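Chemist:
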Amino acid sequence: MQQSVPQIDPAKFRNVLGHYPTGVTIVTGISESDEVLAMVVGTFTSVSIEPPLVAFLPMKSSRTFQELSRCASVCVNVLTGDQEKLGRLIASRRENKLDGVEWEYSPNGAPILTGSLAWLDVRISDTIEAGDHWIAMCQVLDLGVGDASPPLIFFQGGYGRFMVKSLVARVDGDNVGPVRRGARARRILERVATELGGQVQLMAALSPHELVAVATAQGACVNATDDLGERVPMIPPIGDTYVAGGSDEDVEEWLSRGPRLEDHERDLFWGRIEFCRKHGYLASFLPQGGRSSYEAMAAAAQRFAQGNLTPAEERELSEAIARGAVGYEAQEIDDDATYSIGSIVMPVPDEHQRPIFTIRVSQLPHEVPGTRVKEWISHLRPVVQELAQTLAE
1 MQQSVPQIDP AKFRNVLGHY PTGVTIVTGI SESDEVLAMV VGTFTSVSIE PPLVAFLPMK
61 SSRTFQELSR CASVCVNVLT GDQEKLGRLI ASRRENKLDG VEWEYSPNGA PILTGSLAWL
121 DVRISDTIEA GDHWIAMCQV LDLGVGDASP PLIFFQGGYG RFMVKSLVAR VDGDNVGPVR
181 RGARARRILE RVATELGGQV QLMAALSPHE LVAVATAQGA CVNATDDLGE RVPMIPPIGD
241 TYVAGGSDED VEEWLSRGPR LEDHERDLFW GRIEFCRKHG YLASFLPQGG RSSYEAMAAA
301 AQRFAQGNLT PAEERELSEA IARGAVGYEA QEIDDDATYS IGSIVMPVPD EHQRPIFTIR
361 VSQLPHEVPG TRVKEWISHL RPVVQELAQT LAE
């Protein structure tokens, strides 16, 4: 008697299997017509040592695999954690996939991508039907290790990299220098907090992906726990003063982080970048709910600071940060209008004019006229120069 096969929801299947991490590979080859071929493959495995066999599993619908299957040999390139952009680029292209990408010929004539963690020259020996995929069984012809860096990992629908605990500790130690420099600015921050009556933070860029509060001061009646936290991810809208000092390509890369942005959201964040480049500051605006609007964003940022996030948690936190109720539309301050300011931020250039530091003032009085907001901004401009000089000493 034939047993019936239970129906499994495809979404549930993908979700559960997404909890098993896999490496990321790019399979390359040269077609019979000398076209350079490349496809991203998430399922690659060792099969046998004697004889040396490996396999990868492309989708049946893949036109690129149809071409690769006719190649005399193909090369499996294992990606490092630094090659996520490369993987996304090749996955997004329909043709000319390796245009602008550095590579060299393998011993058997297929492309080895520069910077790959490892490569395997293989010949597809058998193609086995497996549901909506093929199992491409391959004989290993040659292989080698390239850039011995942590690999790129796909887990819970997101990309990351494997890192041993000793490396994590070293990365966490990167904030020692900025914290020591930030300590020099504490008296300045305390003075400004007293003068403006809010919370003043000096934020430093640990990397292009993370900011850390290296010094904080509070004015009277300020809730020190009601804010972003000590470490925050540099995803829109956070980090705009930092990326505004870079190239347009840097801005586009920043916009690609976090949740997928709608066109109007991209326009909004680009507007902030252009405003910061022109005016040297940015502000956020609280809706009627006041500082309670910051609660979800603050909770998300504080959870990020604890570390050890799964990709699913990172996406959830990114969503909370990027789509909070706080208003981020860049606008000129009208003297006659009334404002509840969420925060005012200004980049603080280092000795090389790079915006490594940012001064952030928050928890300011609500429902104030535009003239007072302009006074706050004018008050902060010489403070930025004072901080730049102090931090450079």
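Using the UniProt record's numbering, you'd call the opening residue of the sequence shown number 1 and step up by one each time.
Note that the Cβ used here is the ideal one computed from N, Cα and C, for glycine as well.
Given the structure is predicted, the values throughout are model-derived calculations rather than measurements.
1. Alpha carbons only, please: which of V122, P208 and I377 is nearest the one belonging to H279?
2. Less than 7 Å between the C-beta atoms of G342 and F285, yes or no?
3. Could you check where the alpha helix (DSSP H) with R93 kicks off and where it finishes?
4. For residue 426 and L141, what's the separation of their Cα atoms in angstroms?
5. Decide yes or no for the touch test of the stretch 343-357 against the stretch 196-206: beta carbon pairs closer than 8 Å, at least 3 of them.
6. Identify which residue in G131, A110, T25 and P150 has its Cα closest to the Cα of I90.
7. By Cβ distance, which residues of its chain are closer than 7 Å to E102, with the 5 residues on each side in sequence left out?
8. Buried or exposed for D172, please, with buried defined as at least 16 other CB atoms from any protein chain shown within 10 angstroms of its CB.
9. Which of helix, strand or coil does DSSP assign to A205?
10. For the alpha helix (DSSP H) that A215 lies in, which residues bound it at each end?
11. Look up E129 in the DSSP assignment and say whether it is helix, strand or coil.
12. Could you have a look at G81 and say whether DSSP puts it in helix, strand or coil?
13. In three-state DSSP terms, what is I377?
14. Would you give the residue range spanned by the alpha helix (DSSP H) that T64 belongs to?
15. Reducing DSSP to helix, strand and coil, say where D226 ends up.
16. To the nearest angstrom, report how far apart D226 and T64 are at their CA atoms.
17. If you draw a straight line from the alpha carbon of S125 to that of S48, how long is it in whole angstroms?
18. I need the DSSP call for residue 396, collapsed to helix, strand or coil.
19. Compute the beta-carbon to beta-carbon distance between N75 and S106, rounded to the nearest angstrom, for a pair I have assumed lies under 8 Å.
20. Taking three-plus beta-carbon pairs below 8 Å as touching, is the stretch 93-100 in contact with the stretch 51-61?
21. What residue range does the beta strand (DSSP E) around G258 cover?
22. At which residues does the beta strand (DSSP E) containing I112 begin and terminate?
23. When the Cα of I188 is compared with those of A215, L206, P208 and S207, which residue comes out closest?
24. Among D121, G81, A392 and E252, whose alpha-carbon lies nearest the alpha-carbon of F155?
25. Would you identify the three-state DSSP class for P382, choosing helix, strand or coil?
26. In angstroms, rounded to a whole number, what distance separates the CA positions of S166 and H209?
27. Taking all protein chains shown into account, do 16 or more other C-beta atoms lie within 10 angstroms of the C-beta of T127, making it buried, or fewer, making it exposed?
28. If we ignore side chains and look at the alpha-carbon of each, how far apart do Y159 and P21 end up?
29. Out of F44, Q7, D121 and G370, state which residue places its alpha-carbon closest to the alpha-carbon of F56.
30. What whole-angstrom Cβ distance do A183 and G219 have, given they're in contact under 8 Å?
31. In or out: V16 buried (at least 16 other Cβ within 10 Å) or exposed?
32. For R257, which residues in the same chain have their Cβ closer than 8 Å to its Cβ, ignoring the five residues on either side in sequence?
33. Need the endpoints of the beta strand (DSSP E) that R187 sits in, please.
34. Quick check on T338: buried or exposed, where buried means 16 or more other Cβ atoms within 10 Å of its Cβ?
35. On the CB-based measure, 16 or more other CB atoms within 10 Å of its CB, does R272 come out buried or exposed?
36. According to the Cβ coordinates, are N77 and W134 closer than 7 Å?
Modeler: Concretely, from the data shown:
1. Start at 1 with the first residue of the sequence shown, and residue 279 comes out as number 279. Of the listed residues, the one whose Cα sits closest to H279 is I377.
2. Residue mapping note: residue 342 aligns to position 342 of the sequence shown, counting from 1. Residue mapping note: residue 285 aligns to position 285 of the sequence shown, counting from 1. Closer than 7 Å, so yes.
3. Counting from 1 along the sequence shown, the entry for residue 93 is found at position 93. Counting along the chain, no alpha helix (DSSP H) covers R93, and no H or E run does either.
4. Residue 426 lies beyond the residue range present for the chain, which begins at 1 and ends at 393; the question has no answer from this structure.
5. By the Cβ test, the stretch 343-357 is in contact with the stretch 196-206, since at least three Cβ pairs between them sit closer than 8 Å.
6. On the sequence shown, position 90 is the one that residue 90 refers to. The residue with the shortest Cα to Cα distance from I90 is T25.
7. Your numbering for residue 102 matches position 102 in the sequence shown. Only residues of its own chain outside the window of five on either side were considered, and among them T114 have a CB closer than 7 Å to the CB of E102, listed in chain order.
8. What you label residue 172 is simply residue 172 of the sequence shown in a count that begins at 1. With a pLDDT of only 48 at D172, under 50, the local geometry of the prediction cannot be trusted, and the value read off the model is given with reservation. D172 comes out exposed.
9. By one-based count along the sequence shown, residue 205 stands at place 205. Look at A205 here: in three-state DSSP terms it is strand.
10. The count along the sequence shown starts at 1 and reaches residue 215 at position 215. First-last for A215: E210 to Q218, but that is the beta strand (DSSP E), not the alpha helix (DSSP H).
11. Walking along the sequence shown from the start, residue 129 turns up at place 129. Three-state result, E129: strand.
12. Within the sequence shown, residue 81 is the residue found at index 81, counting from 1. It is helical.
13. Position 377 of the sequence shown holds residue 377. In the structure shown, I377 sits in a helix (DSSP, three-state: H, G or I).
14. Looking up residue 64 in the sequence shown gives position 64. From DSSP, the alpha helix (DSSP H) with T64 extends over R63 to L68.
15. For the purposes of this step, residue 226 is taken as residue 226 along the sequence shown, with counting starting at 1. Any reading at D226 is ruled out, since the residue's pLDDT is 46, under 50, leaving its predicted position unreliable.
16. Walking along the sequence shown from the start, residue 226 turns up at place 226. Walking along the sequence shown from the start, residue 64 turns up at place 64. Any reading at D226 must be qualified, since the residue scores a pLDDT of 46, below 50, and its modelled position is unreliable; the value itself is stated next. C-alpha separation (whole angstroms): 52 Å.
17. By 1-based counting over the sequence shown, the position of residue 125 is 125. By 1-based counting over the sequence shown, the position of residue 48 is 48. Rounded to the nearest whole angstrom, the CA to CA distance from S125 to S48 is 14 Å.
18. Any property of residue 396 remains undetermined from this structure, which presents the chain solely from 1 to 393.
19. Stepping through the sequence shown from its first residue, residue 75 is reached at position 75. Stepping through the sequence shown from its first residue, residue 106 is reached at position 106. One detail in the question is off: residue 75 reads as Cys in this sequence, not Asn. Their Cβ separation, rounded to whole angstroms, is 5 Å, which keeps C75 and S106 in contact under 8 Å.
20. The stretch 93-100 and the stretch 51-61 do not touch, with fewer than 3 CB-CB distances between them shorter than 8 Å.
21. Working through the sequence shown from its first residue, we reach residue 258 at position 258. Per DSSP, G258 belongs to no beta strand (DSSP E) and is neither H nor E.
22. Taking the first residue of the sequence shown as position 1, residue 112 is located at position 112. Run containing I112: P111 to L113, per the beta strand (DSSP E) assignment.
23. The residue labelled residue 188 in the question sits at position 188 within the sequence shown. I188 has its Cα closest to that of A215, out of A215, L206, P208 and S207.
24. The count along the sequence shown starts at 1 and reaches residue 155 at position 155. Of D121, G81, A392 and E252, the residue nearest in Cα terms is G81.
25. Counting from 1 along the sequence shown, the entry for residue 382 is found at position 382. Correct three-state label for P382: helix.
26. As a working mapping, residue 166 is identified with position 166 in the sequence shown. As a working mapping, residue 209 is identified with position 209 in the sequence shown. Because S166 carries a pLDDT of 30, less than 50, the predicted location of this residue cannot be relied on, and the following value inherits that uncertainty. If I take the Cα positions, the gap works out to 20 Å.
27. Counting from 1 along the sequence shown, the entry for residue 127 is found at position 127. Classification for T127: exposed.
28. To locate residue 159, count along the sequence shown from 1; it is residue 159. To locate residue 21, count along the sequence shown from 1; it is residue 21. About 10 Å.
29. The sequence position of residue 56 within the sequence shown is 56, counting from 1. Among F44, Q7, D121 and G370, the Cα nearest to that of F56 is on F44.
30. Numbered from its first residue, the sequence shown carries residue 183 at position 183. Numbered from its first residue, the sequence shown carries residue 219 at position 219. That pair is no contact at about 20 Å.
31. Translated into the one-based positions of the sequence shown, residue 16 becomes position 16. Looking at its Cβ environment, which holds fewer than 16 other Cβ atoms inside 10 Å, V16 is exposed.
32. Counted from its first residue, the sequence shown places residue 257 at position 257. Cβ neighbours of R257 beyond the five flanking positions: H209, P233, M234, I235, P236 and S318.
33. Residue numbering aside, residue 187 sits at position 187 when the sequence shown is read from its first letter. First-last for R187: R186 to L196, but that is the alpha helix (DSSP H), not the beta strand (DSSP E).
34. What you label residue 338 is simply residue 338 of the sequence shown in a count that begins at 1. T338 should be labelled exposed.
35. Position 272 of the sequence shown, counting from 1, holds the residue named residue 272. So R272 ends up on the buried side.
36. Taking the sequence shown and counting its residues from 1, one reaches residue 77 at position 77. Taking the sequence shown and counting its residues from 1, one reaches residue 134 at position 134. Not closer than 7 Å, so no.
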